[in-house]
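Asker: Heads up: the protein sequence lines correspond to chains B and S, in order. Sequential numbering from 28 applies to the first sequence in our numbering. Sequential numbering from -14 applies to the second sequence in our numbering. Dropping the structure in here first, questions after.
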Amino acid sequence: MTRSKKAGWVPAGPYTLWAALFILVPLVFVAYYAFTDNSFAFTFDNITRFFTATSVVEGRTVHTYMLIFWRSLKLAVISTVLCLLLGYPLAYAMARAEEKTQKFMMILIMIPMWMNFLIRTYAWMTILQDTGILNSFLSALGLRKVHIIGTEGAVVIGMVYDYLPYMVLPIYSIMAKMDDKLLEAARDLGCNGFGVLRRVIFPLSMPGVLSGITMVLIPSVSTFYISQKLGSGKFFLIGDAIEGQYVANNLHFAAAMAFILMVILMVVMALVKKVTANSVYGGDAL
Amino acid sequence: MKTVSKIYTALIFLFLFAPIAILLVFSFNEAKSLSVFTGFSLKWYRELFHDDATLQSVRNTILLAVTSMVISTIMGTAASVGIYKMREKWLRAALNTATDIPMTNPDIITGISLMLMFVFVGRLFGLANSLSFWTMLIAHVTFCLPYVILQVLPRLRQMDVSLPEAAQDLGCTPLRAFFKVTIPEIMPGILTGAIMAFTMSLDDFVISYFTSGAGFQTLPIRIYNMTKKTVTPKMYALATIIFFVILALLIISNLTDDSDKTKAK
C-alpha cells in the first residue's frame, strides 16, 4: 500500500462491488420487473393497472390502487404530524433536563425502539380490541365502550406508537448540542420565552425535524403489518397491496407498485427538504 | 412551566410503556386472557422453553446477526478508509449516494428489490427456490453497511492527519501506521457501527420477510407467523424476556460509557 493516487481503490473495492451488486442492480430489477409481463416481454400494463384498476366498494366504483395509495399517504402524514406535535415538546423537555435525567430518559426512549415492532403492534391490538383491556377499563369506570379496532384511528395509534421514538431522538440530539449562549443572547436582546423558541430554537432544530419526519413518514407510508393487525385487514395500505401481490406470486405487479412508491417518495422527500430548508434560511428566522 | 413539562413527559412515557407493562403482567397470567388476571403462573414460560421452533429461531437470529455484523463492520470500515482517501470526487459522490439508498428507501422496497434479483438469478440456475440463509445474509450485510460507514467515516474526518504521518516519519510502514495509529483513533466509531449493525440485524423483519427461505426462520419472522393465528401468552413471555435483555444491555452500555468518561478525565 503506497501513497499512490489510487490509494482509495484498494480498501473501497469490496464495498464498491457490493453496493453495485446488491444496492444498484436490485433497483434495476425493480424497474425491469415493473415494465415486463410474466414472459419478460416489455409492457406498460402493470403501471397502467395501478392507475386505472377499479373495483366496487359499497356500491361505488373506485380506483382500487389509487384509493389505497391516497389512504396510505393520508394516514402516514397524519401520524407524522402527530409524532412531531407529541415528540417535539418531549425532545425539548429532555434537552433541558439535568444530564443524569437525560441519560435515564434516553434509555426509556430506546427500550420501546429496540422491542420488536411486531410485538409492540400486537400489544396494541390486544389493548384496543372490543373485549380488550381498554374497554374493560372503560366499563369498570361505568363509561361506554368504544369501538376502535379496525378503524383508521387504530392504525394511526399504532403508527404513532411505533415511530414516536424515531421522531424524538434526532430532534433531541440536535437540541442537546445547541449552544446555551445563543438562547441567553436572544433573551438579553429582548426575546421572551416563546420568542426564543420560535426565533432561535425552532430554526436551529430544523435538521433534526427533517430527519425525524423522514424516519417516521417513510416506514409509516410503506408499512404492512400495522394495518393488518390494527385495521383488522378491513382496509389495505400500499404496503399490504405490495405484500399481497408478493404472496400471490404476482412479482411483476408487486414490482410496479414498489417502483411507483419509490418514485413518489423521492418527490415527496425532495419537497419536504425544500420546505424545511426554506424555514431555516427564510426571512422569518433572521 | 417546569411542572407542566414534567407531567407531559410522564404522560408520553406512560403511553410508551403501558402496552409493554401489560405484556409483562399478563405473561404471568394463569388464564389465556389478556384483560382478566386470574392468578400468577409460570406455565407460559415453561411452554416457551419447550417450543423448539422458537428456540431454533433465536439461535438463527443470533447467528445471522453476528455474521452480518462481522462482515459489514470489516467491509464498512475498509470502505470508509477508501472513501476518505479517494481523490476521485465523482466516485466518492457515487459511493455516498449508494450508501444513502438503503437508509432512505422504505424497507419494503429494499426487501422486494433484493428478492426480485435473487429469484431471477436463481431461475437462471434452474433453482425453484433460491431464498435461503445466504440470501438473507446478503440482505442483512447490505442494510447494515451504511450504519457502519456513517459511524466510521466522520471519525476518520475528525482524525488529525498528522498522526499517521508522524508514525510513518518515525519508521512505520503505511500499513503498520494504519493498524497502530488510525484504527485505535477510529475505534469508537467502529464499535458503535458494529453495535448498530448487530441490533439492526437482530430486529429486522420486513427485509428478512422478503428474502428468507422456508428453511431458515429468524425470531421476527417466527413472531410474525405466531401472530397470524391467535396468540398464546407464550409470546408475552417471550416479549418479557426480550424486554429484560434489552434493559440489561442498555444499562451495561451506559455504565461502561460512564467509566470510559471517568478514565478519560
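Beta carbons are placed, not taken as given, at the ideal position from N, Cα and C, and that holds for glycine.
Using 8 Å for Cβ pairs, my map puts B:Gly185 next to B:Thr148. What's the rounded Cβ distance?
Answerer: For the purposes of this step, residue 185 of chain B is taken as residue 158 along the first sequence, with counting starting at 1. For the purposes of this step, residue 148 of chain B is taken as residue 121 along the first sequence, with counting starting at 1. Confirmed, about 5 Å.
Asker: Given that B:Ile138 touches chain S, what residues does it touch there, using C-beta distances under 9 Å?
Answerer: The count along the first sequence starts at 1 and reaches residue 138 of chain B at position 111. Per Cβ cutoff of 9 Å: Leu1, Phe2, Ile5, Phe228, Ile231, Leu232 and Leu235.
Asker: Tell me whether S:Phe25 sits in a helix, a strand or coil according to DSSP, three-state version.
Answerer: Against the second sequence, residue 25 of chain S aligns to sequence position 40. Three-state DSSP puts S:Phe25 in a strand.
Asker: With three or more beta-carbon pairs closer than 8 Å as the criterion, would you say the segment 57 to 77 of chain B touches the segment 225 to 235 of chain B?
Answerer: Touching, no.
Asker: Going residue by residue through the segment 193 to 254 of chain B, where are the continuous alpha helix (DSSP H) segments of at least 4 residues, counting only ones entirely within it?
Answerer: As far as the segment 193 to 254 of chain B is concerned, its whole alpha helix (DSSP H) runs of at least 4 residues are 207 to 215, 220 to 223 and 229 to 249.
Asker: What are the residues that DSSP puts in a beta bridge with S:Asn14?
Answerer: As a working note, residue 14 of chain S is residue 29 in the second sequence. Looking at the DSSP assignment, S:Asn14 forms a beta bridge with S:Phe25.
Asker: Between S:Ala249 and the rest of its own chain, which residues show a CB-CB distance below 8 Å, the 5 nearest in sequence each way excluded?
Answerer: As a working note, residue 249 of chain S is residue 264 in the second sequence. For S:Ala249, the pLDDT reaches just 48, beneath the cut-off of 50, and the residue's location in the model is therefore unreliable, leaving the point undetermined.
Asker: Can you tell me which residues form a DSSP beta bridge with B:Arg87?
Answerer: By one-based count along the first sequence, residue 87 of chain B stands at place 60. Note: B:Arg87 sits in a beta bridge opposite B:Val84.
Asker: Would you tell me roughly how many angstroms separate the C-alpha atoms of B:Met205 and B:Gly235, rounded to the nearest one?
Answerer: Residue mapping note: residue 205 of chain B aligns to position 178 of the first sequence, counting from 1. Residue mapping note: residue 235 of chain B aligns to position 208 of the first sequence, counting from 1. Distance between the alpha carbons of B:Met205 and B:Gly235: 12 Å.
Asker: Whose CA, out of B:Arg214, B:Ala68, B:Asn143 and B:Ile245, lies closest to the CA of B:Lys101?
Answerer: The count along the first sequence starts at 1 and reaches residue 101 of chain B at position 74. With distances taken between Cα atoms, B:Lys101 lies closest to B:Ile245.
Asker: Please compile the residues from chain S whose C-beta is within a distance smaller than 8 Å of the C-beta of B:Met296.
Answerer: For the purposes of this step, residue 296 of chain B is identified with residue 269 of the first sequence, where counting begins at 1. Near B:Met296 (Cβ distances below 8 Å), the residues of chain S are Thr89.
Asker: Whole angstroms are fine: how far does the CA of S:Met102 sit from the CA of B:Val52?
Answerer: Residue numbering aside, residue 52 of chain B sits at position 25 when the first sequence is read from its first letter. Residue numbering aside, residue 102 of chain S sits at position 117 when the second sequence is read from its first letter. Rounded to the nearest angstrom, the two C-alpha atoms are 8 Å apart.
Asker: Identify, in the order they occur along the chain, each residue of the same chain with its Cβ nearer than 7 Å to the Cβ of B:Pro38, setting aside the five sequence neighbours on each side.
Answerer: Position 11 of the first sequence, counting from 1, holds the residue named residue 38 of chain B. The answer is none, since no qualifying residue turns up.
Asker: Using CA coordinates, which residue listed in B:Leu278, B:Lys261 and B:Phe262 is at the minimum distance from B:Ile269?
Answerer: For this step, residue 269 of chain B is matched to residue 242 along the first sequence. The residue with the shortest Cα to Cα distance from B:Ile269 is B:Leu278.
Asker: Could you check if B:Leu244 belongs to the surroundings of the ligand MG, using beta carbon to heavy atom distance under 7 Å?
Answerer: Among the components of this structure there are no ligands whatsoever, and the ligand MG is therefore not found.
Asker: Within 10 Å of its beta-carbon, does B:Phe69 have 16 or more other beta-carbons around it, so buried, or fewer, so exposed?
Answerer: Translated into positions along the first sequence, residue 69 of chain B becomes position 42. That one is exposed.
Asker: So, are the CB atoms of S:Tyr30 and B:Leu145 less than 8 Å apart?
Answerer: One-based indexing of the second sequence puts residue 30 of chain S at position 45. One-based indexing of the first sequence puts residue 145 of chain B at position 118. No; because the gap between Cβ atoms is not below 8 Å, this pair is not in contact.
Asker: Quick one: what's got a C-beta closer than 7 Å to B:Ala283's C-beta in the same chain, skipping five residues either side?
Answerer: By one-based count along the first sequence, residue 283 of chain B stands at place 256. So the list reads Ala61, Asn73, Ile74 and Phe77, once near-sequence residues are dropped.
Asker: Take S:Gln143 as the anchor and find which of S:Val66, S:Phe118 and S:Thr158 has the nearest alpha-carbon.
Answerer: Counting from one through the second sequence, the residue named residue 143 of chain S turns up at place 158. The residue with the shortest Cα to Cα distance from S:Gln143 is S:Val66.
Asker: So what does DSSP say about B:Tyr63, is it helix, strand or coil?
Answerer: The count along the first sequence starts at 1 and reaches residue 63 of chain B at position 36. Inspection of the sequence shows that residue 63 of chain B is occupied by Thr rather than by Tyr. The answer is strand: DSSP assigns B:Thr63 an E or B state.
Asker: So which residues of chain B does S:Pro205 contact, with C-beta pairs closer than 7 Å?
Answerer: Here residue 205 of chain S is taken as the residue at index 220 of the second sequence, counted from 1. Going along chain B in sequence order, the residues near S:Pro205 (Cβ under 7 Å) are Asn143 and Leu145.
Asker: Could you check what DSSP says for S:Phe183 in three-state terms: helix, strand or coil?
Answerer: Taking the first residue of the second sequence as 1, we reach residue 183 of chain S at position 198. Three-state DSSP puts S:Phe183 in a helix.
Asker: Quick one: what does DSSP say B:Phe69 is sitting in, helix, strand or coil?
Answerer: Sequence index remark: in the first sequence, residue 69 of chain B carries index 42 (1-based). Three-state result, B:Phe69: strand.
Asker: Is there a C-beta anywhere in chain B that falls below 8 Å from the one on S:Val146?
Answerer: In the second sequence, residue 146 of chain S corresponds to position 161, counting from 1. Answer no: the Cβ-Cβ gap between S:Val146 and chain B never drops below 8 Å.
Asker: Which residues of the segment 262 to 281 of chain B have a Cβ closer than 8 Å to any Cβ of chain S? Give them in chain order.
Answerer: Residues passing the 8 Å Cβ filter: Gly266, Ile269, Glu270, Tyr273, Leu278 and Ala281.
Asker: Whose C-beta lies closer than 8 Å to the C-beta of B:Gln255 among residues of the same chain, with five residues either side of it excluded?
Answerer: Mapped onto the first sequence, residue 255 of chain B falls at position 228. Cβ neighbours of B:Gln255 beyond the five flanking positions: Asp267.
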